[in-house]
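The listed protein sequences derive, respectively, from chains A and B.
Under this note's numbering, residues 14 to 214 are what the first sequence spells out, in order.
Under this note's numbering, residues 14 to 214 are what the second sequence spells out, in order.
Number of protein chains: 2
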Amino acid sequence: MIASAARSRGRPREFDMNQALDNALRVFSERGYHATSIGNLTEAMQLASGSVYKAFKDKRGVFLASFDRYRAVRSSKLRVAVAAGKTGYECLHEALSFFANASQGLEGKQGCLVVSCASELATFDPEVAQKVATAMDVNEALILDLIRQGQADGSVSPDIDAAATARLLLCAVQGMRVVGKTGRTREEMMAAVGVAMKTLT
Amino acid sequence: MIASAARSRGRPREFDMNQALDNALRVFSERGYHATSIGNLTEAMQLASGSVYKAFKDKRGVFLASFDRYRAVRSSKLRVAVAAGKTGYECLHEALSFFANASQGLEGKQGCLVVSCASELATFDPEVAQKVATAMDVNEALILDLIRQGQADGSVSPDIDAAATARLLLCAVQGMRVVGKTGRTREEMMAAVGVAMKTLT
DNA sequence: TGATTTAGGGAATGACCGTTCTCTATATTG
DNA sequence: CAATATAGAGAACGGTCATTCCCTAAATCA
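Below is the structure:
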């Protein structure tokens, strides 16, 4: 038997898990965790409430799965975007532009699942708090990495405090997601990226 | 009759409005809007539910009043902090430090009412969305003002794009409030402020 | 084929929450 | 002092929400 074709025991799942999670995380992003009802989720995911509970235990389970999906998709897209740069400096510009683009127009208004929902839960849910902290750390580590890469290839000043700069840039991109909820244009956000790049010289 | 001593008609209010709002906004900040129940509010405000509804019409009314109170208090404190600086550059450093300080330790974990709660409501409540947008605009305008002041007194480079820099710094300070929810030290945040100041030279 | 296992769907349930109602208390007005 | 007006407190109410239950459907196992 081919390993990848191994089937589970009973009736197979009829819906596409990733597609359902993409719909769920869109609703969570727009409405926030507590304002999202099971009804909102069943409508968006095109599933009956019983099926939701069969597949995910409870509402929090849907959220946790959506959160992981969101992070996986965003991380993947970010890494693709970053790869377009050649020097460390260019990669950093790609990374900041990626966040700027997500903070503008409709996508900006939808907001960031990590920022809006997770902040809502992190206070009273240690597991979510940990996931949020990790998400932040991963982004900060990526930026720090690119700064060091830039210092190595000469595109970023060797005199800057890499750790502090990475932290400031992390704040800047997370702040873009917040400010972007009030509605900004791509030009406004890209101009901010241009200013942020000055911290690397 | 002395104007300031003019009393209203019926039984006078027994609780202190500002104190009650300070308690309410603390709960809204910690729990978010939807996760805050009337029970949470009556407990924190030390008022019976009937009294809350008599004084504020409904839950949203409590939130709106808390939001205004929060903005008034924070704005006032920010302006006091900024006044400690002499040059525009110094005033900007005071302003950024003010946000950094609020984004660290316990206050950082409590979070910002504008960021966490208002984002939660802004999607489906135009009035709240307007209030949030205004809060952002006021902060951005203050930063822009200080940059121009610095350019006038020679403490900030005349070559920088004042509007774009103000926007980036707004993103940075709002981002601090988000990142600060995951727990950061004063030193970490102040180092980020130091880096942000480089955008002014 | 019959037994077993898992998924889908939707009605039923029980708890909680926001709001209203009612009654009492305390002020001003005339 | 009566009349009026507003505040305080908490019980009562109605609706919504998350969750569970039960029945049916579709797969594998023996």
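For glycine and all other residues, C-beta sits at the position ideal for the given N, C-alpha and C.
{"Item": "Evaluate A/ILE160 with the Cβ neighbour count: other Cβ atoms within 10 Å of its Cβ, from every protein chain shown; 16 or more gives buried, anything less gives exposed.", "Value": "buried"}
{"Item": "Return the CA-CA distance between B/GLN32 and B/MET58, expressed in angstroms with no decimal places.", "Value": "8 Å"}
{"Item": "For B/PHE111, which residues from the same chain have a beta carbon less than 6 Å from its beta carbon, with the 5 sequence-adjacent residues on both sides left out?", "Value": "LEU91, ALA94"}
{"Item": "Taking contact to mean at least 3 C-beta pairs separated by less than 8 Å, is the stretch 204-213 of chain A in contact with the stretch 29-47 of chain B?", "Value": "no"}
{"Item": "What does A/HIS106 touch in chain B if you count any residue whose Cβ is under 8 Å from its own?", "Value": "Within chain B, no residue comes near A/HIS106; the closest Cβ sits about 14 Å away, beyond 8 Å."}
{"Item": "Rounded to the nearest angstrom, what separates A/LEU182 and A/GLY23 at their Cα positions?", "Value": "49 Å"}
{"Item": "How is the alpha helix (DSSP H) around B/GLN187 delimited, first residue to last?", "Value": "175-193"}
{"Item": "Pick out whichever of A/GLU140, A/GLN162, A/ASP71, A/GLY98 has its Cα sitting closest to the Cα of A/ALA175.", "Value": "A/GLN162"}
{"Item": "Is it right to say B/ALA115 is buried, meaning 16 or more other beta carbons lie within 10 angstroms of its own, or is it exposed?", "Value": "buried"}
{"Item": "Under 7 Å between the Cβ atoms of B/SER79 and B/ALA37?", "Value": "yes"}
{"Item": "When the cut-off is 7 Å and only beta carbons count, does B/MET210 lie next to chain A?", "Value": "no"}
{"Item": "Compare the C-beta of A/ARG161 with all C-beta atoms of chain B and state if any pair is closer than 7 Å.", "Value": "no"}
{"Item": "7 Å is my cut-off, CB to CB: does A/SER17 come that close to chain B?", "Value": "Only weak support is given to the placement of A/SER17: the predicted model assigns it a pLDDT of 38, under 50, and the question is left unresolved by the model."}
{"Item": "From A/GLN123, A/TYR66, A/ARG87, A/PHE137, pick the residue whose C-alpha is nearest to that of A/PHE41; which is it?", "Value": "A/GLN123"}
{"Item": "Leaving out five residues before and five after B/CYS125 in sequence, what residues of the same chain have Cβ atoms less than 6 Å from its Cβ?", "Value": "ARG190"}
{"Item": "Output needed in chain order: residues of the stretch 123-144 of chain B with a Cβ under 7 Å from some Cβ in chain A.", "Value": "GLY124, VAL128, SER129, SER132, GLU133, ALA135, THR136"}
{"Item": "Determine the burial state of B/LYS67: buried for a count of at least 16 other Cβ atoms within 10 Å of its Cβ, exposed for fewer.", "Value": "exposed"}
{"Item": "Along the chain, where does the alpha helix (DSSP H) containing A/PHE80 start, and where does it finish?", "Value": "72-95"}
{"Item": "Beta-carbon separation of B/VAL169 and B/GLY98 under 7 Å?", "Value": "no"}
{"Item": "With B/VAL192 and A/MET210 assumed to form a contact (beta carbons below 8 Å), what rounded beta-carbon distance in angstroms separates them?", "Value": "Actually they are not in contact, since the Cβ atoms of B/VAL192 and A/MET210 sit about 20 Å apart, beyond 8 Å."}
{"Item": "Report all residues from its chain with a CB closer than 7 Å to the CB of A/GLN187; omit the five preceding and five following residues, and keep chain order.", "Value": "VAL128"}
{"Item": "When the Cα of B/LYS72 is compared with those of B/PRO171, B/ASP166, B/ARG180, B/GLY52, which residue comes out closest?", "Value": "B/GLY52"}
{"Item": "With a 10 Å radius around its C-beta and 16 neighbouring C-beta atoms as the bar for buried, classify A/LEU119 as buried or exposed.", "Value": "exposed"}
{"Item": "Quick one: list the residues of chain A neighbouring B/THR195, beta-carbon separation under 7 Å, in chain order.", "Value": "VAL145, ALA146, MET149"}
{"Item": "With a Cβ-Cβ cutoff of 7 Å, do A/GLU45 and B/GLU133 count as a contact?", "Value": "Per the sequence presented here, residue 45 of chain A reads as Gly, with Glu not at that position. Cβ atoms of A/GLY45 and B/GLU133: closer than 7 Å."}
{"Item": "For a contact meaning CB atoms closer than 7 Å, what does B/GLN187 contact in chain A?", "Value": "GLY188, VAL191, VAL192"}
{"Item": "Report yes or no: is there a C-beta of chain B within less than 7 Å of the C-beta of A/ARG20?", "Value": "no"}
{"Item": "What is the rounded straight-line gap between the Cα of B/ASP138 and the Cα of A/THR49?", "Value": "15 Å"}
{"Item": "If you draw a straight line from the alpha carbon of B/GLU201 to that of A/TYR83, how long is it in whole angstroms?", "Value": "28 Å"}
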